[in-house]
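First the structure, in the form of structure tokens, and then the observations on it.
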Amino acid sequence: MNILITGGNGGLGIALAERFLQNAGHQVWLGVRANRNRAEVLAASHGDRVRLIDLDVTQENDWQRAVELMVQSEQSPDVLINNAGFHKDGLLAMMPTEDWHSVIRANLDSVYLGCRAVLKPMMGSRFGRIINIASLSALLAPRGQTNYAAAKAGVVALTQSLSKEMARAGITVNALCPGYIDTEALADMPEAERKGILATIPMRRLGKPEEVAAAAAFLASREASYITGATLKIDGGIL
Ligand code: NDP
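For what it's worth, the numbering used here labels the leading residue of the sequence shown as 32, then goes sequentially.
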């Protein structure tokens, strides 16, 4: 299968790629933007099985080019993992307009653009798996994350709505809601805040990127054929 993963240089993106590469039959396409060092290292150690693709997920043209490149290589996307995203937290009363829009664009508009770009080839092959990486913030709506929580809640709703549209086309659409996963996304968190967060997690530890990747691998498999429109939280028991 051909797996397209956005945010391919990030902590979760690399773990997703490594997980799919465990299956010798999978070809991985990693969408990268500015930073690509880790993705390049991964690609160098896997030869033709990993290809890097320039993909700013907020850019319609990038999506079009990415999917065209795959189709021209006769490697039409079978699995799309909408993983790219970021948060820029702050109280709404003081939130600059740009922080609202940039977070909505990168986390929600991107998922619309990505799904739309792959649907035609997936419908053509009557098979597809779309996995949207939302967040526990979509369900918890924490203070200080109005932009991010709204975007990720939008991803959950988009997932459910699209799953119904695609239910008879062989395409499943599901969302993952990770809690606190140990990647660069949490790197700038002050130690005191980290300790406070650990106290709220029943398992008393952060999640590992591989633990999210394992769930994505299952949802992408043919065995997961009757699961669509699902929202799976991966949070060590917080919610
Ligand atoms: P990272 O910060 O490690 O990786 C995020 C990746 O997204 C980076 O590769 C970044 O690229 C990319 N990205 C951001 N904006 C764009 C864009 N416009 N176009 C293309 N790529 C972009 O974070 P994670 O790996 O942890 O996060 C992956 C996903 O999981 C995100 O959607 C995040 O919201 C979600 N998530 C993460 C949680 C966590 O605790 N880690 C919890 C819940 C959800 P670049 O390096 O070029 O900026």
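Note that the Cβ used here is the ideal one computed from N, Cα and C, for glycine as well.
I want to check one thing, is the minimum distance from the CB of residue i to the heavy atoms of the ligand NDP below 6 Å?
{"i": "His-209", "result": "One detail in the question is off: residue 209 reads as Pro in this sequence, not His. Yes, since a heavy atom of the ligand NDP falls inside the 6 Å radius drawn around the Cβ of Pro-209."}
{"i": "Leu-229", "result": "no"}
{"i": "Arg-64", "result": "yes"}
{"i": "Gly-266", "result": "Checking the displayed sequence, the identity of residue 266 turns out to be Asp instead of Gly. The answer is no for Asp-266."}
{"i": "Ile-258", "result": "no"}
{"i": "Glu-241", "result": "no"}
{"i": "Asn-163", "result": "no"}
{"i": "Phe-117", "result": "yes"}
{"i": "Asn-40", "result": "yes"}
{"i": "Thr-177", "result": "no"}
{"i": "Asp-140", "result": "no"}
{"i": "Ala-216", "result": "yes"}
{"i": "Val-88", "result": "yes"}
{"i": "Ile-36", "result": "no"}
{"i": "Ala-48", "result": "no"}
{"i": "Ile-212", "result": "yes"}
{"i": "Ser-166", "result": "yes"}
{"i": "Ala-137", "result": "yes"}
{"i": "Leu-170", "result": "no"}
{"i": "Leu-263", "result": "no"}
{"i": "Leu-100", "result": "no"}
{"i": "Leu-43", "result": "yes"}
{"i": "Asn-92", "result": "no"}
{"i": "Asn-205", "result": "no"}
{"i": "Asn-33", "result": "no"}
Can you tell me whether residue i is buried or exposed, with buried defined as 16 or more other CB within 10 angstroms of its CB?
{"i": "Met-220", "result": "exposed"}
{"i": "His-57", "result": "buried"}
{"i": "Tyr-257", "result": "exposed"}
{"i": "Arg-160", "result": "buried"}
{"i": "Gly-238", "result": "buried"}
{"i": "Asp-266", "result": "buried"}
{"i": "Thr-37", "result": "buried"}
{"i": "Ser-166", "result": "buried"}
{"i": "Val-98", "result": "buried"}
{"i": "Arg-50", "result": "buried"}
{"i": "Gln-176", "result": "buried"}
{"i": "Leu-122", "result": "exposed"}
{"i": "Trp-134", "result": "It is worth fixing the name first, because residue 134 is Val in this sequence and not Trp. With 16 or more Cβ atoms within 10 Å of its Cβ, Val-134 is classed as buried."}
Segments assigned alpha helix (DSSP H), at least 4 residues, entirely inside the region 122-165:
128-135 and 141-156
- [ ] Taking only runs that begin and end inside the region 223-264, name each unbroken alpha helix (DSSP H) of 4 or more residues, in chain order.
- [x] 240-251
Q. Does the region 241-248 come within contact of the region 183-201, defined as at least 3 CB pairs closer than 8 Å?
A. Not touching, per the Cβ criterion.
Between the region 195-204 and the region 223-231, do at least 3 Cβ pairs fall closer than 8 Å? no
Exercise for review: Kindly confirm or deny that the region 144-164 and the region 111-119 touch, where touching means at least three C-beta pairs closer than 8 Å.
Suggested key: yes
Kindly confirm or deny that the region 120-140 and the region 66-82 touch, where touching means at least three C-beta pairs closer than 8 Å. no
*Could you pull out every unbroken beta strand (DSSP E) segment of at least 3 residues lying fully inside the region 51-108, listed in chain order?*
Those beta strand (DSSP E) runs which fall completely within the region 51-108 and span 3+ residues are 58-63 and 81-85.
Notebook entry, point to check: Is the number of C-beta pairs between the region 140-154 and the region 81-93 that are closer than 8 Å three or more?
Noted result: yes
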